Amino acid sequence: MKTRIYNARILTMEEGQSIFEGEIWIDGDTIIYAGEKKDSSDIEWDKEIDARHNLVMPGFKNAHTHSAMTFLRSHADDMKLDEWLNTRVFPAEAKLTADDVYWLTKLAIMEYLTSGVTSIFDMYMHREAGARAARDCGFRNVFCESINDFGGTLEAVEADYHTYNQDKDRLISFQLGFHAEYTTSRELMEGIAALSEKYSAPVYVHCSETKREVEDCRSRTGMTPVAYMDSLGLFQNGGGLFHGVHMDDADFDIIKKRGLYVVTNPASNLKLASGIAPIKRYMDMEIPLAIGTDGPASNNCLDMFREMFLVTGLQKAVLDDPEVIPAMDVLKMATVNGAHAMGLTECDAIKEGKKADLIMIDLLQPNMQPLQNIEKNIVYSGSKQNIAMTMVGGKVLYQNGEFFLDDSPEKIYEKANESARRILG
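Take the sequence shown: its position 364, counted from the start at 1, is 363 in numbering that gives the first Met the number 0, and no numbers get skipped.
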């Protein structure tokens, strides 16, 4: 299928490239041209989209989430993290079936699309069902392994590494990881480290989300979670930390040395009173940052606009400095850095040869006017109402409030509510 997007303002997210007027040509799932308007009368287009001078840019990358936790939205709120996990989340998740995960993931995908998210870093169980949901929707999903003492085997992790990294339609991929230091035995962590060494693969994990997590790890091991996991060889091939809120001085040096990404989740951290990540210090040390929503049980929404504003707004407030964390840096975290953290280097920019994972920002809305600085408008005043189109792999999945999926919204809502009622009562 050949698609042409014309009359567009284009933000490629390439370093040093400002917004320009032009068009984008797509063949199948790949961008074949992005530049100023030029004659294409000799090409037979299957679809032509008039952008009406709205902005087209790479889609947002939700670099940490637990999609099928949609069934826990507004069920387990106003609780501390350890109580939240052990009394509400883990017992409810034990009742999930693969069919539940399929429909609950589809519900999350709908919400991602309305927020301009074109790919996710999804850490959850019943992976086959989650993969089927993503494929059926045409959505890009990178799985992050979540093995821990409550479930999973190293043999299954290795099998999934091969299975999902050979996905024929390239919508599904897989990265090594585990849930957290405090839920995972040393033996399992050493097993993940061995797989990382075997395949030269990065490792991703929840880390240093709360003060208690850090203090408990120090009591058990004499080290912080970052230092302890590093001592087990888990970060020899890079990877990433989800949250990274409470860090010792030495932790920053380890993160920098190992080339780790830090994926910040400000809304979830605020709601669970976990704290505010030291984003400015990470940036000063040139530690790459990406942004995630975390799951819909702890957030409770999957809205990248809210996350972007919180990333910059919280730092300005806690540091008493309105100049820190400029809007363009936040946009880079939400697009380019997220893609790189997830291993999606072909989805980081609008450029020939890159995947056509694009969004269109409706500039003809009051919150986007006047057009004095579009990038700042997106971060400081943008919202989901500005997502006019979300395209993944060259296919429009959401446009002007309408979904183009294999099932109707009504059916997905019905099935998701059935699962929630059966599990939660």
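For each residue, glycine too, the CB sits at the ideal point set by N, CA and C.
In this text, all values refer to a predicted model and were calculated from it rather than measured experimentally.
**OP:** Give the DSSP-derived three-state secondary structure of Arg-87 in the structure shown.
**Re:** Stepping through the sequence shown from its first residue, residue 87 is reached at position 88. Three-state DSSP puts Arg-87 in a helix.
**OP:** Please name the residue in His-125, Ile-386, Ser-273 and Val-88 whose C-alpha comes closest to that of Gln-398.
**Re:** Residue 398 sits at position 399 when you count from the first residue of the sequence shown. The shortest C-alpha separation from Gln-398 is found at Ile-386.
Subject >> Short Cβ contact (9 Å threshold) for Thr-389 with Thr-117 >> reply: Start at 1 with the first residue of the sequence shown, and residue 389 comes out as number 390. Start at 1 with the first residue of the sequence shown, and residue 117 comes out as number 118. In this structure, Thr-117 lies closer than 9 Å to Thr-389 by Cβ.
**OP:** Below 7 Å CB to CB, which residues in the same chain sit around Ile-278 once its five sequence neighbours on both sides are set aside?
**Re:** Taking the sequence shown and counting its residues from 1, the one referred to as residue 278 is at position 279. Correct list, in chain order: Thr-263, Leu-288, Val-310, Gln-314 and Ile-324.
Original post:
Mapping DSSP to helix, strand and coil, what is Ala-348?
Top reply: Within the sequence shown, the letter at position 349 stands for residue 348. Coil at Ala-348, not helix or strand.
Original post:
Does the segment 251-265 come close enough to the segment 224-238 that 3 or more CB-CB pairs lie under 8 Å?
Top reply: Yes: at least three Cβ pairs fall under 8 Å.
Subject >> Status (buried if at least 16 other CB within 10 Å, exposed otherwise) for Ser-195 >> reply: For the purposes of this step, residue 195 is taken as residue 196 along the sequence shown, with counting starting at 1. Buried.
Original post:
Ala-419 by DSSP, collapsed to three states: which one?
Top reply: Position 420 of the sequence shown holds residue 419. Helix.
Subject >> Of the listed residues Met-327, Tyr-5 and Tyr-111, nearest to Gly-375 (C-alpha basis) >> reply: Along the sequence shown, read from residue 1 onward, the residue named residue 375 stands at position 376. Sequence inspection shows Lys at residue 375; the Gly mentioned does not correspond to that position. Cα-wise, what sits closest to Lys-375 is Met-327.
**OP:** Assuming Thr-209 contacts Leu-80 (C-beta within less than 8 Å), just tell me the rounded distance between them.
**Re:** Within the sequence shown, numbered from 1, the residue matching residue 209 stands at position 210. Within the sequence shown, numbered from 1, the residue matching residue 80 stands at position 81. 5 Å between Cβ atoms; contact.
**OP:** Drop a sphere of 10 angstroms on the beta-carbon of Leu-370, count the other beta-carbons inside from all chains shown, and report buried for 16 or more, exposed for fewer.
**Re:** Here residue 370 is taken as the residue at index 371 of the sequence shown, counted from 1. With fewer than 16 other beta carbons inside 10 angstroms of its own, Leu-370 counts as exposed.
Subject >> the segment 47-56 in contact with the segment 8-23 per 3-pair CB rule at 8 Å >> reply: By the Cβ criterion, the segment 47-56 is in contact with the segment 8-23, since at least three pairs of Cβ atoms, one from each stretch, lie closer than 8 Å.
Subject >> Alpha-carbon to alpha-carbon, His-161 and Ala-473 >> reply: Residue 473 is absent from the structure shown; the chain starts at 0 and stops at 424.
Original post:
So what's Trp-44 in DSSP terms, helix, strand or just coil?
Top reply: The count along the sequence shown starts at 1 and reaches residue 44 at position 45. The answer is coil: DSSP assigns Trp-44 none of H, G, I, E or B.
Original post:
Could you check where the alpha helix (DSSP H) with Ile-290 kicks off and where it finishes?
Top reply: Counting from 1 along the sequence shown, the entry for residue 290 is found at position 291. Segment 288-290 is the beta strand (DSSP E) holding Ile-290; no alpha helix (DSSP H) there.
Original post:
If you drop the 5 nearest sequence neighbours on each side, which residues of the same chain put their C-beta closer than 8 Å to that of Cys-346?
Top reply: Locating residue 346 in the sequence shown gives position 347, where the first residue counts as 1. The residues are Pro-57, Gly-58, Lys-60, Thr-117, Ser-118, Arg-139, Ala-338, Lys-353, Lys-354 and Asp-356.
Subject >> Chain-order list of residues whose beta-carbon lies under 6 Å from that of Asn-298 (same chain, five-residue window excluded) >> reply: Stepping through the sequence shown from its first residue, residue 298 is reached at position 299. The answer, listed in chain order, is Ala-266, Ser-267 and Thr-292.
Original post:
Among Glu-144, Gly-137 and Tyr-123, which has the Cα closest to the Cα of Leu-112?
Top reply: Residue 112 sits at position 113 when you count from the first residue of the sequence shown. That would be Gly-137, whose Cα lies nearest to the Cα of Leu-112.
Subject >> Status (buried if at least 16 other CB within 10 Å, exposed otherwise) for Glu-214 >> reply: Walking along the sequence shown from the start, residue 214 turns up at place 215. That one is exposed.
Original post:
Does DSSP put Ser-118 in a helix, in a strand, or in coil?
Top reply: Indexing the sequence shown from 1 puts residue 118 at position 119. When secondary structure is reduced to three states using DSSP, Ser-118 falls in the strand class.
**OP:** Since I believe Asp-159 is in contact with Ser-184 (beta carbons under 8 Å), could you give me their beta-carbon distance rounded to a whole number of angstroms?
**Re:** Locating residue 184 in the sequence shown gives position 185, where the first residue counts as 1. Locating residue 159 in the sequence shown gives position 160, where the first residue counts as 1. About 19 Å separates the two Cβ atoms, so there is no contact after all.
**OP:** Report buried or exposed for Leu-363, applying the criterion of at least 16 other Cβ atoms within 10 angstroms of its Cβ.
**Re:** Locating residue 363 in the sequence shown gives position 364, counting from the first residue. It counts as exposed.
**OP:** Ignoring anything shorter than 3 residues or poking outside the segment 216-284, list the beta strand (DSSP E) runs there in chain order.
**Re:** Counting only unbroken stretches of 3 or more residues, the beta strand (DSSP E) elements lying wholly within the segment 216-284 are 238-242 and 259-263, in sequence order.
Original post:
Under 9 Å, do Gly-392 and Asp-168 count as touching if we go by C-beta distance?
Top reply: As a position in the sequence shown, residue 392 is number 393, starting the count at 1. As a position in the sequence shown, residue 168 is number 169, starting the count at 1. Yes, Cβ-Cβ distance for Gly-392 and Asp-168 is below 9 Å.
Subject >> Length of the line joining the Cα atoms of Val-244 and Asp-250 >> reply: In the sequence shown, residue 244 corresponds to position 245, counting from 1. In the sequence shown, residue 250 corresponds to position 251, counting from 1. About 11 Å.
**OP:** Using alpha carbons as the reference points, say which of Gly-190, Val-225, Val-378 and Arg-3 lies closest to Gly-151.
**Re:** Locating residue 151 in the sequence shown gives position 152, counting from the first residue. It is Gly-190 whose Cα lies nearest to the Cα of Gly-151.
Original post:
Thr-182 to His-205, Cα distance in whole Å?
Top reply: One-based indexing of the sequence shown puts residue 182 at position 183. One-based indexing of the sequence shown puts residue 205 at position 206. Taken atom to atom, the span from the alpha-carbon of Thr-182 to that of His-205 is near 10 Å.
Original post:
Distance, Cα to Cα, Gly-176 vs Gly-129?
Top reply: Residue mapping note: residue 176 aligns to position 177 of the sequence shown, counting from 1. Residue mapping note: residue 129 aligns to position 130 of the sequence shown, counting from 1. Distance from the CA atom of Gly-176 to the CA atom of Gly-129, rounded to whole angstroms, is 17 Å.
Original post:
Helix, strand or coil for Gln-398 per DSSP?
Top reply: Counting from one through the sequence shown, the residue named residue 398 turns up at place 399. Correct three-state label for Gln-398: strand.
Original post:
In three-state terms, what does DSSP make of Arg-51?
Top reply: Residue 51 sits at position 52 when you count from the first residue of the sequence shown. Secondary structure of Arg-51 (DSSP, three-state): coil.
**OP:** Measure the alpha-carbon distance for Glu-22 versus Ala-33 and round it to whole angstroms.
**Re:** Reading the sequence shown from its first residue, position 23 is the one you call residue 22. Reading the sequence shown from its first residue, position 34 is the one you call residue 33. Straight-line measurement puts the Cα of Ala-33 at about 6 Å from the Cα of Glu-22.
Original post:
Should Arg-219 be labelled buried (16 or more other beta-carbon atoms within 10 Å of its own) or exposed?
Top reply: For the purposes of this step, residue 219 is identified with residue 220 of the sequence shown, where counting begins at 1. With fewer than 16 Cβ atoms within 10 Å of its Cβ, Arg-219 is classed as exposed.
Original post:
Based on the DSSP output, what are the partners of Phe-59 in its beta bridges?
Top reply: Indexing the sequence shown from 1 puts residue 59 at position 60. Answer is Val-116, bridged to Phe-59.
Subject >> Neighbourhood of Met-12 by C-beta distance below 6 Å, restricted to the same chain and skipping five residues each side >> reply: As a first step, residue 12 must be located in the sequence shown, where it is residue number 13. Contacts found: Pro-57, Thr-334, Val-335 and Ala-348.
**OP:** Could you tell me how far apart the beta carbons of Glu-351 and Ile-30 are, in whole angstroms, since I believe they sit closer than 8 Å?
**Re:** Reading the sequence shown from its first residue, position 352 is the one you call residue 351. Reading the sequence shown from its first residue, position 31 is the one you call residue 30. Rounded, the Cβ-Cβ distance is 6 Å, consistent with contact.
Original post:
What runs of the beta strand (DSSP E), each 3 residues or longer, lie entirely inside the segment 144-191?
Top reply: Those beta strand (DSSP E) runs which fall completely within the segment 144-191 and span 3+ residues are 171-179.
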